[in-house]
Amino acid sequence: MLPIVAQADKFKDKAAIYSDGQSYSFQDLKNKSGHLANVILQDANDLKEARVAFMINPGFGYVQTLWAIWQAGGVAVPLCITHPLPSLEYVLEDTEADIIIISAEYLDTLNPYFQNKTIRVILFESIVDTNNITSLPAINSTRKALILYTSGTTNKPKGVVTTHENIEAQITTLVSSWEWSNTDHVLCVLPLHHVHGIINVIGCAMWSGASCTFIPHFSVSTIFDLFSEGNINLFMAVPTIYFKLIAFLETLQPENKDQLKIVMQKFRLMVCGSAALPVSVMEKWDALSGQKLLERYGMTELGMAISNPYRGDRRAGYVGLPLPGVSIKLVDESYEEVNEGEPGEIIVKGKNVFLEYWQKPEATVETFTSDGWFKTGDIAIVEKGYYRIMGRNSIDIIKSGGYKISALEIEEVLRLYDSIDDCAVVGINDVEWGELIVAAIVVIPEKQISFNEKELSDWIVQKMASYKKPRKYLMVDELPRNAMGKVVKNDVKKLFE
Ligand code: MLC
Ligand code: AMP
Numbered sequence: 002m003l004p005i006v007a008q009a010d011k012f013k014d015k016a017a018i019y020s021d022g023q024s025y026s027f028q029d030l031k032n033k034s035g036h037l038a039n040v041i042l043q044d045a046n047d048l049k050e051a052r053v054a055f056m057i058n059p060g061f062g063y064v065q066t067l068w069a070i071w072q073a074g075g076v077a078v079p080l081c082i083t084h085p086l087p088s089l090e091y092v093l094e095d096t097e098a099d100i101i102i103i104s105a106e107y108l109d110t111l112n113p114y115f116q117n118k119t120i121r122v123i124l125f126e127s128i129v130d131t132n133n134i135t136s137l138p139a140i141n142s143t144r145k146a147l148i149l150y151t152s153g154t155t156n157k158p159k160g161v162v163t164t165h166e167n168i169e170a171q172i173t174t175l176v177s178s179w180e181w182s183n184t185d186h187v188l189c190v191l192p193l194h195h196v197h198g199i200i201n202v203i204g205c206a207m208w209s210g211a212s213c214t215f216i217p218h219f220s221v222s223t224i225f226d227l228f229s230e231g232n233i234n235l236f237m238a239v240p241t242i243y244f245k246l247i248a249f250l251e252t253l254q255p256e257n258k259d260q261l262k263i264v265m266q267k268f269r270l271m272v273c274g275s276a277a278l279p280v281s282v283m284e285k286w287d288a289l290s291g292q293k294l295l296e297r298y299g300m301t302e303l304g305m306a307i308s309n310p311y312r313g314d315r316r317a318g319y320v321g322l323p324l325p326g327v328s329i330k331l332v333d334e335s336y337e338e339v340n341e342g343e344p345g346e347i348i349v350k351g352k353n354v355f356l357e358y359w360q361k362p363e364a365t366v367e368t369f370t371s372d373g374w375f376k377t378g379d380i381a382i383v384e385k386g387y388y389r390i391m392g393r394n395s396i397d398i399i400k401s402g403g404y405k406i407s408a409l410e411i412e413e414v415l416r417l418y419d420s421i422d423d424c425a426v427v428g429i430n431d432v433e434w435g436e437l438i439v440a441a442i443v444v445i446p447e448k449q450i451s452f453n454e455k456e457l458s459d460w461i462v463q464k465m466a467s468y469k470k471p472r473k474y475l476m477v478d479e480l481p482r483n484a485m486g487k488v489v490k491n492d493v494k495k496l497f498e
C-alpha cells in the first residue's frame, strides 16, 4: 500500500477533511479514494503510469481523486481550475493524458477539447458513493506520481515529474521540522496545481493525521471567519496573501482587531513562502497577529529546501537553514562552491529532488550538474549561518502573487495580438504582489488610433491564466536594445519607474 494511504489506517475515524459543509474521516478518504481507483482502472490491473488529469475544486473530492489516481498506478496531473482553454489544452496534450476526472462545472470550459480528442472523461459527480474496493495494484515508490507545470526560461511551461519517493521525502522533512501532529488543523487557501498547497498543506496534514479545512475560493473575510471559530491552528500562505490579510485587519475597529489577534496568537504556526517575504509584512503581521512568520524557500522541482527553524530564531529577510535530508551548495558560474560569505547559485541534492522534466530529456540534463546537483537558478548568500535569497539568475522569470511566470511566455502570446509589432515583458517591484507584470509594447503605426488596452487585456485572459496578464502597458516607438540588437530588460524596467 502507498505509504500515504497506509498512514490513514493510523487515524481511521479522525476528521481528515472539512469541505462543502461536511466532514470526512481518514477512513472515508481511504475507502472512497480506493473505490474511485477501481472506477478509473475499469478492467485494467494497473494504469502503469498513464497520465490522469483532474479538474476538481479544492476539498475532499480533490484529495480523493489524487489518492485514487495514485492507487490505480496513474500519474496525477492537477489542472488549474481558473485556467482558460488554451492553457488546459497545453497540459492535456503535453502529458498525453488519456483520462480526465472533471467536475460538472468545468465541462463547458473543456468541451471544445473533448469534441476533437479521444480522452476518457469521468464525470466526478457520476461516481457512486460507495466504500466497495476490489484489489488495487502494488505501487513501487520509485514510480512516477505527479506532474506539475512550472514556467521557466523557455517560453512554454515544463512538466515537473516527481515520484512517490520524492513526494514522501518532501512531506516527511516538513512533518518532522515543523512538528506536525494529529492534533493540528490547517486551513487550505492555496491553489492546488502547485507544491505549496499540494505538499506543504494537504500532503503534510494527511501524512500526520491532522485535519484540513478547505475554502472553495480565496476570500479574506472567509479566512478570518474560520480563524474566529477557534479550531484552526496552522496557516500557510504566500506573502501577497499576508499583505491582503493585513490590509483587511487595518480597516477593522480596534475591538475587532484585538479579538482576531487573541484568536491568532493561539495558532501553533504560521508559515510564509513561494516568494520573498518583505520585512515590513513580517513585522506588521507580528504586531497584528502575535505570530512570528516562519519563512521557508522551495520550488516545484524540490518541494521545500531551506527553512527557518520551528524552534529557534526566525530571522526576518532570511529563509533559514537546509531542511533535514536536503543538501545545499552555493556555487559560481563554473559550479564550483563559492567561499563562505560570498553569493552563489543554490544547487540541491536529496530524495526530495524531482525525477525529470516530462518528455524533455535535454532540459532535464541541462538542469543538473554533471554530478547530479539540481541547479535552481536562485542566488543566495549565507550570513551568520542563515541563507538569504538575493535574486534569480534570469530576469525573464517573474514571481507575482507567489506564482512563477515566464516573461517569454507572455511575450509570445502578446505578439499574436494583431496590433502588436513587438513587446518586452518584465516584473517590477511591488510590495503587494512581489513583482508586478508590465509590458512595453510597440504598436503597429496604422493600428495605433484603434488600439485599446482594455480590449487587449480582455483578449489575453482568454489565452492564458489571468495571473499572468500584464497589469500595465507602455506604448513605445521602439524597445531599448544593446549593440547586438538584444532587448535590454533592465532598461525596459526603467521605463516603468
Ligand atoms: C490578481 N490580481 C493581480 C494579480 N493577480 N494584480 C496584480 N498582479 C497579480 N499577479 C488582481 C486581479 O486583477 C483582481 O483585480 C484582483 O487582484 C483579484 O484577482 P483574483 O484573481 O481574484 O486574485 P485573488 O483570488 O485575490 O488571488 C490572489 C492570491 C493568488 C494571492 C490569493 O494569487 C494566489 O493564490 N497565489 C498563490 C500562488 C501559489 O500557491 N504559489 C505557489 C507556487 S509553488 P480587480 O481589480 O479585477 O479586482 C512555489 C514553491 C514554493 O512557489 O516555494 O512554495
Ligand atoms: P515555483 O517554480 O513556482 O515553485 O517557484 C519557485 C521559486 O520561488 C524559487 O525558485 C524562488 O525563486 C521563489 N521562492 C520560493 N520561496 C521563496 C522565498 N522564501 N524567498 C524568495 N524566493 C522564494
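In terms of the working numbering, the sequence shown is numbered consecutively and its last residue is 498.
Positions of the beta carbon are idealized from the N, C-alpha and C atoms, including for glycine.
Item                                                                                                : Value
Straight-line gap, H186 to A211 (C-alpha atoms, nearest Å)                                          : 6 Å
C-alpha gap between I233 and V40, whole angstroms                                                   : 34 Å
Beta-carbon proximity of C205 to I242, cut-off 8 Å                                                  : no
Straight-line gap, T96 to R121 (C-alpha atoms, nearest Å)                                           : 14 Å
A441 vs L409 beta-carbon contact at 8 Å                                                             : no
Y298 Cβ short of 7 Å to the ligand AMP heavy atom set                                               : yes
Reduced DSSP secondary structure (H/G/I, E/B, other) of K376                                        : strand
When E284, L253, I102 are compared against G75, the one with the closest alpha-carbon               : I102
8 Å Cβ cutoff met for M305 and G299                                                                 : yes
Range covered by the beta strand (DSSP E) that runs through V444                                    : 435–444
Per DSSP, the bridge partner or partners of S308                                                    : R297, L322
Terminal residues of the beta strand (DSSP E) in which C81 lies                                     : Where C81 is concerned, there is no enclosing beta strand (DSSP E), given that its DSSP letter is neither H nor E.
V444 versus K464: straight-line alpha-carbon distance, rounded                                      : 19 Å
Own chain, CB closer than 7 Å to N46, minus 5 neighbours either side, in chain order                : P138
heavy atom of the ligand AMP below 7 Å from K405 C-beta                                             : yes
V320 beta carbon near the ligand AMP (any heavy atom closer than 7 Å)                               : yes
Exposed unless 16 or more other CB atoms sit within 10 angstroms - verdict on K267                  : exposed
Contact test: Y388 Cβ vs the ligand MLC heavy atom, cutoff 7 Å                                      : no
Span of the beta strand (DSSP E), counted from its first residue to its last, around H186           : 186–189
Three or more C-beta pairs below 8 Å linking the segment 326–335 and the segment 370–383            : yes
Nearest to R297 (by Cα), restricted to the options G291, S290, A277, A288                           : A277
Spatial distance of E166 from S328 (CA atoms)                                                       : 17 Å
Residue span of the alpha helix (DSSP H) that contains N430, given as start and end                 : Per DSSP, N430 belongs to no alpha helix (DSSP H); it is in the beta strand (DSSP E), 421–431.
Neighbourhood of Y107 by C-beta, 6 Å cutoff - its chain only, sequence neighbours within 5 removed  : M56
Cβ-Cβ distance between I390 and V427 below 8 Å                                                      : no
Beta-carbon proximity check, Q8 vs M207, cutoff 8 Å                                                 : yes
Sufficient close CB pairs (3 or more, under 8 Å) joining the segment 117–137 to the segment 151–160 : no
Residue burial classification, Q23 (beta-carbon count within 10 angstroms, cutoff 16)               : exposed
C-alpha distance - I70 paired with K352, whole-angstrom precision                                   : 22 Å
Best match in I200, V432, L294 for proximity to T1 [C-alpha to C-alpha]                             : Summary: the structure shown does not reach residue 1, with the chain confined to residues 2 through 498, and so no result is reported for it.
For Q449, the nearest candidate out of D478, A466, K470 (CA to CA)                                  : D478
Where M465 falls: helix, strand or coil (DSSP)                                                      : coil
Separation of L42 from G326, as counted between CA atoms                                            : 35 Å
Cβ contact (3+ pairs, closer than 8 Å) linking the segment 403–417 and the segment 375–391          : no
Rounded Cβ spacing between G342 and F215 (contact assumed at less than 8 Å)                         : No, G342 and F215 are not in contact; Cβ-Cβ is about 44 Å, not under 8 Å.
Alpha carbon of G403 to alpha carbon of Q254, nearest angstrom                                      : 30 Å
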